[in-house]
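For the sequence shown, the working numbering gives the first residue as 12, with consecutive numbering after it. All C-beta atoms, glycine included, are put in the ideal place defined by N, C-alpha and C. From a predicted model like this one, the values you see are computed outputs, not experimental measurements.
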Amino acid sequence: MNPDTPLQLLGGLTPREFLRDYWQKKPLLVRQAIPGFESPITPDELAGLSLEEEVESRLVIEHGARPWELRRGPFDEDTFRHLPERDWTLLVQAVDQFVPEVAELFESFKFLPKWRIDDVMISYAAPGGGVGPHYDNYDVFLLQGYGRRRWQIGQMCSSASPLLDHPDLKILAEFDTTDEWVLEPGDMLYLPPLLAHCGTAEDDCMTYSVGFRAPSAAEVLTHFTDFLGQFLPEEERYSDPDVQPASDPNQIQRDALERLKALLDRHMGDERLLMTWFGQFMTEPRYPELVTGIDIGEEELLDTLEGGAVIIRNPSARLAWSEVGEDLVLFASGQSRVLSAGLRELLKLICSADALHIDNLGQWLADDEGRTLIWELVKQGSLGFANE
Ligand code: SIN
Ligand code: CO
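Next comes the structure, spelled out in C-alpha cells:
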C-alpha cells in the first residue's frame, strides 16, 4: 500500500496525511467512504448470530427494567419477540470471525498495523436506539451499514469524567455536543480515543465499528514483568557488595534505590524479551477456545497439500511477525517461534495470503524449517483446512 495515494476511504486524504493529522488526535467524517456500501449481513442474520453460544452479544434497552438496561447474550428468539418498538440496540462483537465478508473490511485498513485492530462489532438499533453518550479508550471507525444514524461528538474525557450511576455501563453524566451528523450507508466517522460520542438511530439501522486495541500501561508493566520473571534465576537478587557503613540502620538510603534502578534497567531494557512478550501478548486470540488445531502428521499434511488441499488462516487466530536480532519471529495466537532469516517471504505469505496451497507454498514445502512451521501452525489451529 502506497502511503501517499489518496484514499476514498479517508475522504481523499492519503494514509500519511490521515495518520499525521487525525489518527489518535481528532475526528474525521467521511461521506461515502465506501461508496454504495451494502451490509453483507442483514439485521435478521445479526440477531441470528446473537443466539449462538460462541458469539459475544449485548442488548441495551433505554427504557428497560431500569434506565439503559444491559442484557448479555446468547439470546433466544423469544427475546426479540418481546422487545419494545423503539430505543434499543443489539451489539454483536467480532462479527469478522464468523462472517468472512465482514472480515474483508480489514483490507481497507491496511495502512494501519493489523495487530492494532481488535474486531468489527456490528450494532443493530431500532429507531431511537443507542448506547448513550460515552467514550472509548480506543480508536474506532464507525461505518454506517444500513439505515441512518445521528452521531454527536462532544468533549475529550478521562477516567475522572462523571458517569451515571449504572452497574454495567459507563454512560457520561455530561455531554457537550460540539458537532453532529446524520450518517447514511457508506458514510464513516473516525473517532480518536477518549472523545465523547453518542449515536442515535434515526430509523432502524446498522453500524459497523472497526475497533482498535492498545494495551494499558498497567497491562504492559504487569504482564511483561510476569513474563520476564520466568527467565530470572532465584539467586539473582538485590545485592550491595559496595554498601557503606550505616549511619542510621533504620533508614533506606538513596543508594538502595540506585541499585534497584540498575536491576530494573538491566532487565526491562532486554529488547529481545520485550519484543517476544509483546508479539505474544498482541496475538493472543480474543476467543482462544476457537483456536483449536488438529492432530495430523507432517507427512500426512504434505500429502494432503499435494493432493490439492487449501489452508487458510483461522479467522479467530492472530498472526504477526517481527525481526529479533538476526532472526525472525512468528507470533501466532499467543505463541512465538524463532525462525531463520531465510523464511521472511514465507512468514509474509502466511500472514497475508488469502489461501495457502501447493502453488504458493511449493518451494517452502521442500524446506524442512518452512514445512515444519506450517505443520505446527495447523496443529496449533492458527491455520486450518479451508473446507473444515
Ligand atoms: C453502536 O454502534 O451503537 C455503538 C458504537 C460506539 O459508540 O462505540
Ligand atoms: Co463508542
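Roughly how many angstroms separate the alpha carbons of residue 385 and residue 360, rounded to a whole number?
Residue 385 sits at position 374 when you count from the first residue of the sequence shown. Residue 360 sits at position 349 when you count from the first residue of the sequence shown. Answer to the nearest angstrom: the Cα atoms are 11 Å apart.
Measuring CA to CA, which of 349, 345, 395 is closest to residue 337?
For the purposes of this step, residue 337 is taken as the residue at position 326 of the sequence shown. Of the listed residues, the one whose Cα sits closest to residue 337 is 349.
In three-state DSSP terms, what is residue 246?
As a first step, residue 246 must be located in the sequence shown, where it is residue number 235. DSSP places residue 246 in coil when its eight states are reduced to three.
Check whether the Cβ of residue 220 sits closer than 7 Å to any heavy atom of the ligand SIN, and report yes or no.
Residue numbering aside, residue 220 sits at position 209 when the sequence shown is read from its first letter. Yes, the beta carbon of residue 220 sits closer than 7 Å to at least one heavy atom of the ligand SIN.
Contact belief for residue 341 with residue 313 at Cβ below 8 Å, rounded distance in angstroms
As a first step, residue 341 is located in the sequence shown; it is residue number 330 there, counting from the start. As a first step, residue 313 is located in the sequence shown; it is residue number 302 there, counting from the start. About 20 Å separates the beta carbons of residue 341 and residue 313, which is beyond the 8 Å limit, so they are not a contact pair.
Do the stretch 150 to 167 and the stretch 210 to 229 touch if we need at least three Cβ pairs shorter than 8 Å?
The stretch 150 to 167 vs the stretch 210 to 229: in contact.
Residue 391, buried or exposed, once every other Cβ within 10 Å from all chains shown has been counted against 16
Residue numbering aside, residue 391 sits at position 380 when the sequence shown is read from its first letter. The residue is buried, with at least 16 neighbouring Cβ atoms inside 10 Å.
Helix, strand or coil, according to DSSP, for residue 142 in the structure here?
Here residue 142 corresponds to residue number 131 of the sequence shown, with the count starting at 1. For residue 142, the three-state secondary structure derived from DSSP is coil.
The beta strand (DSSP E) with residue 209 in it runs from where to where?
Counting from one through the sequence shown, the residue named residue 209 turns up at place 198. Run containing residue 209: 206 to 212, per the beta strand (DSSP E) assignment.
Sequence-distant residues of its chain with Cβ nearer than 7 Å to residue 7 (five each side left out)
Only positions 12 to 399 of the chain appear in this structure, which leaves residue 7 out of reach.
Tell me whether the stretch 192 to 206 and the stretch 242 to 253 touch, counting them as touching only if at least three CB pairs, one residue from each stretch, are closer than 8 Å.
Not touching, per the Cβ criterion.
Could you tell me whether the Cβ atoms of residue 68 and residue 108 are closer together than 8 Å?
Position 57 of the sequence shown, counted from the start, is the residue given in the question as residue 68. Position 97 of the sequence shown, counted from the start, is the residue given in the question as residue 108. Going by C-beta atoms, residue 68 is not nearer than 8 Å to residue 108.
Where residue 113 falls: helix, strand or coil (DSSP)
The count along the sequence shown starts at 1 and reaches residue 113 at position 102. Looking at residue 113 - three-state DSSP - the assignment turns out to be helix.
In angstroms, rounded to a whole number, what distance separates the CA positions of residue 401 and residue 236?
There is no way to answer for residue 401, as the model of the chain reaches only from 12 to 399.
heavy atom of the ligand CO below 7 Å from residue 151 C-beta:
The residue you call residue 151 lines up with position 140 of the sequence shown. At least one heavy atom of the ligand CO is nearer than 7 Å to the Cβ of residue 151, so yes.
Residues near residue 97 in its chain [Cβ-Cβ closer than 8 Å; skip 5 each side]
For this step, residue 97 is matched to residue 86 along the sequence shown. These residues qualify, in order along the chain: 137, 138, 139, 140.
Please list the terminal residues of the continuous beta strand (DSSP E) segment that includes residue 163.
Counted from its first residue, the sequence shown places residue 163 at position 152. 160 to 167 is the span of the beta strand (DSSP E), which, as asked, contains residue 163.
Taking the alpha carbon of residue 300 as the reference point, which residue from 325, 331, 283 has its own alpha carbon closest?
Walking along the sequence shown from the start, residue 300 turns up at place 289. Of the candidates 325, 331, 283, the one whose C-alpha sits nearest the C-alpha of residue 300 is 325.
Decide if residue 72 is buried, meaning its Cβ has at least 16 other Cβ atoms within 10 Å, or exposed.
In the sequence shown, residue 72 corresponds to position 61, counting from 1. Residue 72 comes out buried.
Residue span of the beta strand (DSSP E) that contains residue 313, given as start and end:
Residue numbering aside, residue 313 sits at position 302 when the sequence shown is read from its first letter. From DSSP, residue 313 is part of no beta strand (DSSP E) but of the alpha helix (DSSP H) over 309 to 317.
Let me check you understand the geometry: is the CB of residue 102 closer than 7 Å to at least one non-hydrogen atom of the ligand SIN?
On the sequence shown, position 91 is the one that residue 102 refers to. Yes - the ligand SIN has a heavy atom lying nearer than 7 Å to the Cβ of residue 102.
Distance cut-off 7 Å: residue 177 Cβ against heavy atoms of the ligand CO:
As a first step, residue 177 is located in the sequence shown; it is residue number 166 there, counting from the start. False, no ligand heavy atom lies under 7 Å from that Cβ.
Who are residue 99's beta bridge partners in DSSP?
Within the sequence shown, the letter at position 88 stands for residue 99. Per DSSP, 72.
Label residue 298 either buried or exposed according to how many other C-beta atoms from any shown protein chain fall within 10 Å of its C-beta, with 16 as the threshold for buried.
In the sequence shown, the residue the question calls residue 298 occupies position 287. Around the beta carbon of residue 298, a 10 Å sphere encloses fewer than 16 other beta carbons of the protein chains shown; the residue is thus reported as exposed.
Assign residue 12 to buried or exposed, taking buried as 16 or more other Cβ atoms, counted over all protein chains shown, within 10 Å of its Cβ.
Indexing the sequence shown from 1 puts residue 12 at position 1. Under this definition residue 12 is an exposed residue.
Would you tell me roughly how many angstroms separate the C-alpha atoms of residue 351 and residue 380, rounded to the nearest one?
Start at 1 with the first residue of the sequence shown, and residue 351 comes out as number 340. Start at 1 with the first residue of the sequence shown, and residue 380 comes out as number 369. Rounded to the nearest angstrom, the gap between the Cα atoms of residue 351 and residue 380 is 8 Å.
Per DSSP, residue 195 forms a beta bridge with which residues?
In the sequence shown, counting from the first residue as 1, residue 195 sits at position 184. DSSP, once it has assigned bridges, lists no residue as partnering residue 195.
Since residue 321 contacts residue 377 with CB under 8 Å, what's their CB separation in whole angstroms?
In the sequence shown, residue 321 corresponds to position 310, counting from 1. In the sequence shown, residue 377 corresponds to position 366, counting from 1. No, residue 321 and residue 377 are not in contact; Cβ-Cβ is about 19 Å, not under 8 Å.
Could you name the residues that DSSP lists as bridge partners for residue 78?
In the sequence shown, counting from the first residue as 1, residue 78 sits at position 67. BP columns for residue 78 point to 74.
Which word fits residue 291, buried or exposed, when buried means at least 16 other C-beta atoms lie within 10 angstroms of its C-beta?
Along the sequence shown, read from residue 1 onward, the residue named residue 291 stands at position 280. With 16 or more Cβ atoms within 10 Å of its Cβ, residue 291 is classed as buried.
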